[in-house]
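*Asks:* Have a look at this one.
Residue numbers (the numbering used here): 10 to 110.
Have a look at this one:
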């Protein structure tokens, strides 16, 4: 299977045509590429100019939740940015498309 990871502009349901392809991983199942996808999200956030110098983290991929309007993604992930002197963390949604090779 091929897993394409896309970064949203913050919210997975908004501006879908503007989502950016971040990485492509190949594996037998989502579990096989889970660690690589988490690393892809944290690297994407850490390398961005906007969040340079911030710590980053990511949640493992989960099936897209029922309340989501977006239908193109099979899985969703959340990237977390920990700004050094901010009052709260910044959350960025990511979508994963699962395709047969």
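Don't be surprised by glycine CBs; every beta carbon is placed ideally from N, CA and C. None of these values were measured; they are calculated from a predicted model.
1. Which two residues bound the contiguous alpha helix (DSSP H) that contains residue 50?
2. How about residue 21 and residue 89: do their beta carbons lie closer than 7 Å?
3. If contacts are defined as beta-carbon pairs under 8 Å, then residue 101 and residue 19 qualify, I think. What distance do you get, rounded to the angstrom?
4. Kindly list the residues whose CB is nearer than 8 Å to the CB of residue 37, restricted to its own chain and excluding five residues on each side of it in sequence; keep chain order.
5. Since residue 14 sits in a beta bridge, which residues does DSSP pair it with?
6. Have a look at the DSSP bridge pairing and note the partners of residue 72.
7. Taking the alpha-carbon positions, what's the residue 86 to residue 95 distance?
8. Using beta-carbon positions only, say whether residue 46 and residue 14 come within less than 7 Å of one another.
*Replies:* So, from the listed chains and residues:
1. DSSP places residue 50 inside the alpha helix (DSSP H), whose first and last residues are 39-56.
2. no
3. 6 Å
4. 10
5. Under DSSP, residue 14 shares a beta bridge with 32 and 105.
6. 84
7. About 22 Å.
8. Closer than 7 Å, so yes.
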